[in-house]
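Reading through the structure tokens given below for one structure.
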Amino acid sequence: MEIKVKKLEEEFGKDLLIAQTPSDVEALRIKYLGRKAEINQLFSIVPSLSKEAKGVWGKNLNILKNKITFALSEKSRGLNTKEEKIDLTYPSARLTRGSRHILNVVSEEICSVFEKLGFTVVEGTEIEDEWHNFSALNIPLDHPSRDAFDTFYLDIPQPQEKHRGKFLLRSHTSPSQARVMKLSKPPIAVVSPGRVYRPDSVDASHSFMFHQVEGFAVDENINFAHLKGVLLNFARLFFSPDVNLRLRPHFFPFTEPSAEVDISCFICKGKQEKCSLCKGKGWLEILGCGMIHPEVLKNCGIDPKKYKGFAFGMGVERPAMLKYGINDIRLFYENDVKFLEQF
Ligand code: DAH
Numbered sequence: 000m001e002i003k004v005k006k007l008e009e010e011f012g013k014d015l016l017i018a019q020t021p022s023d024v025e026a027l028r029i030k031y032l033g034r035k036a037e038i039n040q041l042f043s044i045v046p047s048l049s050k051e052a053k054g055v056w057g058k059n060l061n062i063l064k065n066k067i068t069f070a071l072s073e074k075s076r077g078l079n080t081k082e083e084k085i086d087l088t089y090p091s092a093r094l095t096r097g098s099r100h101i102l103n104v105v106s107e108e109i110c111s112v113f114e115k116l117g118f119t120v121v122e123g124t125e126i127e128d129e130w131h132n133f134s135a136l137n138i139p140l141d142h143p144s145r146d147a148f149d150t151f152y153l154d155i156p157q158p159q160e161k162h163r164g165k166f167l168l169r170s171h172t173s174p175s176q177a178r179v180m181k182l183s184k185p186p187i188a189v190v191s192p193g194r195v196y197r198p199d200s201v202d203a204s205h206s207f208m209f210h211q212v213e214g215f216a217v218d219e220n221i222n223f224a225h226l227k228g229v230l231l232n233f234a235r236l237f238f239s240p241d242v243n244l245r246l247r248p249h250f251f252p253f254t255e256p257s258a259e260v261d262i263s264c265f266i267c268k269g270k271q272e273k274c275s276l277c278k279g280k281g282w283l284e285i286l287g288c289g290m291i292h293p294e295v296l297k298n299c300g301i302d303p304k305k306y307k308g309f310a311f312g313m314g315v316e317r318p319a320m321l322k323y324g325i326n327d328i329r330l331f332y333e334n335d336v337k338f339l340e341q342f
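Be aware that the sequence shown starts at 0, since it is given in numbering that gives the first Met the number 0, and climbs by one per residue.
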């Protein structure tokens, strides 16, 4: 017994020295402590020994077993710190995919519908001046929208050309009309998306910054029917193929005649009394439009006797809220991942 135990201990000592990798150590664990390990055979001899020898060898074998267990765990600890251990079975960290902001998506959806209808996308500038934001668009000097309560004026040196007035954050995307018309010749068909700013206090349906898409077309024989046809096509491509339009007479300084446009509610189809979207009205207001005022064409270097044009302007937040059932405008700007990743 003594010889066998000694031999086993020596053999283990040699094997342990040679072991280089965690799998070598694992092989030793199986060899010396596994079900078929020699030490188990030695344990099985113990009951047949004399009473005295039983006690001695039972104890010695247990000591040896503990030694082997300890030595193996020390060895594998040493190996783990020396070489990087990569556990290929470990579940990987969840990679979440970023997504585009819903307002960018909707703004592009709107523009791409108009692109299909022959319009070109042109972006204006967020810092504008009084001439492009108001005067060119026939907005009179005493119009309330020019008031500092309705427009953010910028505290920076004024433009060199005196007629351009002060710099400001554009309060609508309509100045894009003036910028494009000054630089191009009809026929023109352009849509212009972007951010606009107004000193509104923030609530569920207002924000001091929001998004609009402006659109306009200028050519020799443009008339109101073209405007209506373009808008109807837009509404059916963007909202739902069965929506209808309703135009209500309105006033804008830059268009004459002007109208506000409603679409028939695409949820209740105008029929349901307790519709959560249209509140039973059957119609949803989506934009303002009209025939470009001759003064605007003239201000931008286009002969109003030869050319006519139509224009329209719509928010992006409202169509996005209608289409995706969002009930608070503030959700767009809070950047809560739980909200954003839904789109
Ligand atoms: N600029 C207007 C606004 O911000 C929207 C608008 C209305 C634009 C009628 C137009 C238009 O081009 O014809 O409220």
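Positions of the beta carbon are idealized from the N, C-alpha and C atoms, including for glycine.
Because the structure is a prediction, the values reported are computed rather than measured.
In this structure, the ligand DAH has no non-hydrogen atom nearer than 7 Å to the beta-carbon of residue 206.
CA-CA distance, residue 303 to residue 294, rounds to 8 Å. Counting of Cβ neighbours within 10 angstroms places residue 177 among the buried residues, the total reaching 16 or more. Judged by pairs of C-beta atoms under 8 Å, the stretch 192-205 touches the stretch 323-340, as three or more such pairs exist. The beta strand (DSSP E) runs of length 3 or more contained entirely in the stretch 287-330 are, from start to end of the chain, 307-314.
Per DSSP, the continuous alpha helix (DSSP H) segment holding residue 14 begins and ends at 1-17.
At the C-beta level, residue 282 and residue 267 stay beyond 8 Å of one another. Distances from the CA of residue 243 to each of 28, 65, 144 and 231 were compared; the closest alpha carbon is that of 231. Taking the Cα positions, residue 170 is about 35 Å away from residue 273. Residue 334 counts as exposed, since fewer than 16 other beta carbons sit within 10 angstroms of its beta carbon.
Setting aside the 5 residues that flank it on each side, residue 312 is surrounded in the same chain by 171, 172, 173, 211, 213, 286 and 287, each with a C-beta closer than 7 Å to its C-beta; the list follows chain order. Distance from the CA atom of residue 306 to the CA atom of residue 337, rounded to whole angstroms, is 50 Å.
Residue 120 and residue 192 have their alpha carbons spaced roughly 8 Å apart.
Taking every protein chain shown into account, the CB of residue 161 has fewer than 16 other CB atoms within 10 angstroms, so this residue is exposed. The stretch 55-68 makes no contact with the stretch 107-123; the number of CB pairs closer than 8 Å stays below 3.
The beta-carbon distance between residue 237 and residue 112, rounded to whole angstroms, is 5 Å. This is short enough to meet the 8 Å contact definition. Beyond the five residues adjoining it in sequence on each side, residue 37 comes within less than 6 Å, by CB distance, of 7 in the same chain, given in chain order. DSSP places residue 28 in the helix class (H, G or I) of the three-state scheme.
DSSP places residue 283 in the strand class (E or B) of the three-state scheme. Counting along the chain, no beta strand (DSSP E) covers residue 107; the unbroken alpha helix (DSSP H) around it starts and ends at 101-115. Cα atoms of residue 234 and residue 318: separation of roughly 10 Å, rounded to the nearest angstrom.
Note that the C-beta distance between residue 239 and residue 289 is not below 8 Å. Runs of the alpha helix (DSSP H) lying entirely within the stretch 190-259, each at least 4 residues long, are 223-237 in chain order. With a beta-carbon spacing of about 6 Å, residue 132 and residue 167 fall inside the 8 Å limit used to define contacts.
Rounded to the nearest whole angstrom, the C-alpha separation of residue 184 and residue 158 is 26 Å. For residue 110, the distance from the CB to the nearest heavy atom of the ligand DAH is not below 7 Å.
In this model, residue 135 and residue 95 are separated by some 47 Å (Cα to Cα).
Judged by their CB atoms, residue 215 and residue 126 are not nearer to each other than the 8 Å cut-off. When the Cα atoms are used, residue 187 and residue 309 turn out to be separated by approximately 10 Å.
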